[in-house]
Ligand code: 8YV
């Protein structure tokens, strides 16, 4: 009898195919009658693949052994509840580091030189009537990285290639890293030209980029969020971008995405991106493969390639 698993969110075709070859998969995210499906399969489901798994859902699945999250960030999985129930949780680290780091630099350049706006300027025939404004460069500037983890380090390396000075803030100093460490985020924001957010989401980091931090970054400061919308006081950010109290922002993630505060749509000092940090075929394929590898290892009784619980 094949092992029965629940899929909790949309996955790549390659990943769904690999899962279907190995397991009997029930697609919860597509179910017209969600509760009906859960009640029917609950006595047999041993795994969940995908994101968004609450304590409530876990409580309905007495045979649940493992949740294989699609994504490095697992803030939509209640890991405390999983731990309490002896349910393992895995994520998809490392395979997305390069993709996220590349687009971070891309968005920084897009914001510094206002590349999307420049494209619109040409298309709208405005170049025929005048010059595009002179803007800024990355070289010579200081970037503060909030969260010098695996992706943060890849961003740091690429920022150095852009001739930027790198400093960082995180839970603790990493003595092996060559960059200056700030134990205070506001102090770092005051000293940098760019603040790049690449720390995990979840309760521990909610709104840590507060109004006070944004004020410290100031009217010349540039903000880049590649992590989760929850890390920023979004209301303060929108207000400050509109008033000029904050210089600019390149945003890949939002508090209630795909809903984006409409006030941002009219602002010229903002570059918006639809949560596409890891969104390349190559990287999403690798993330999907890691979801499958974790499940296979679990059911073979082998060590999990990337366990978080
Ligand atoms: C998402 C991400 O997983 O890995 C993460 O934490 O934010 C992304 O790679 C992706 O949006 C999944 O759909």
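In the numbering used here, the protein residues as written are 12 to 320. Every residue gets a Cβ at the ideal spot worked out from N, C-alpha and C, and that includes glycine.
Alpha-carbon to alpha-carbon, residue j and residue i
i: residue 286; j: residue 62; result: 15 Å
i: residue 79; j: residue 72; result: 15 Å
i: residue 319; j: residue 101; result: 5 Å
i: residue 151; j: residue 273; result: 33 Å
i: residue 139; j: residue 129; result: 13 Å
i: residue 224; j: residue 200; result: 6 Å
i: residue 257; j: residue 194; result: 22 Å
i: residue 174; j: residue 167; result: 11 Å
i: residue 239; j: residue 229; result: 21 Å
i: residue 254; j: residue 60; result: 43 Å
i: residue 313; j: residue 304; result: 10 Å
i: residue 297; j: residue 186; result: 31 Å
i: residue 213; j: residue 267; result: 14 Å
i: residue 53; j: residue 112; result: 40 Å
i: residue 97; j: residue 12; result: 24 Å
i: residue 64; j: residue 190; result: 37 Å
i: residue 308; j: residue 82; result: 18 Å
i: residue 68; j: residue 250; result: 37 Å
i: residue 241; j: residue 84; result: 12 Å
i: residue 42; j: residue 50; result: 12 Å
i: residue 22; j: residue 29; result: 11 Å
Residue i - partner residues in DSSP beta bridges
i: residue 116; result: Per DSSP, none; premise fails for residue 116.
i: residue 58; result: 16 and 77
i: residue 234; result: 206 and 260
i: residue 143; result: Looking at the DSSP assignment, residue 143 forms no beta bridge with any residue, so it has no partner.
i: residue 294; result: Looking at the DSSP assignment, residue 294 forms no beta bridge with any residue, so it has no partner.
i: residue 318; result: 101
i: residue 85; result: Its beta-bridge partners do not exist; DSSP assigns none.
i: residue 243; result: 220
Contact belief for residue i with residue j at Cβ below 8 Å, rounded distance in angstroms
i: residue 157; j: residue 118; result: Not really, about 15 Å apart at Cβ, beyond 8 Å.
i: residue 159; j: residue 181; result: 5 Å
i: residue 77; j: residue 301; result: Not confirmed; about 13 Å, so no contact.
i: residue 202; j: residue 218; result: Actually they are not in contact, since the Cβ atoms of residue 202 and residue 218 sit about 21 Å apart, beyond 8 Å.
i: residue 179; j: residue 163; result: 7 Å
i: residue 106; j: residue 294; result: 6 Å
i: residue 108; j: residue 45; result: Contact doesn't hold; Cβ gap of about 34 Å is too wide.
i: residue 16; j: residue 56; result: 6 Å
i: residue 114; j: residue 299; result: Residue 114 to residue 299, Cβ: 19 Å. No contact.
i: residue 206; j: residue 155; result: 5 Å
i: residue 48; j: residue 18; result: 11 Å between Cβ atoms; not a contact.
i: residue 211; j: residue 86; result: 7 Å
i: residue 222; j: residue 247; result: 4 Å
i: residue 204; j: residue 231; result: 7 Å
Coarse secondary structure for residue i, derived from DSSP in three states
i: residue 324; result: Only positions 12 to 320 of the chain appear in the structure, and residue 324 is not among them; the question remains open.
i: residue 157; result: strand
i: residue 219; result: coil
i: residue 133; result: helix
i: residue 309; result: helix
i: residue 224; result: helix
i: residue 271; result: coil
i: residue 178; result: strand
i: residue 191; result: strand
i: residue 64; result: strand
i: residue 169; result: helix
i: residue 128; result: helix
i: residue 201; result: helix
i: residue 108; result: helix
i: residue 152; result: coil
i: residue 289; result: coil
i: residue 71; result: coil
i: residue 212; result: coil
| task | Please specify which runs of the alpha helix (DSSP H), each continuous and at least 4 residues long, are wholly inside the segment 16 to 54, giving them in chain order. | result | 24 to 33 and 45 to 52
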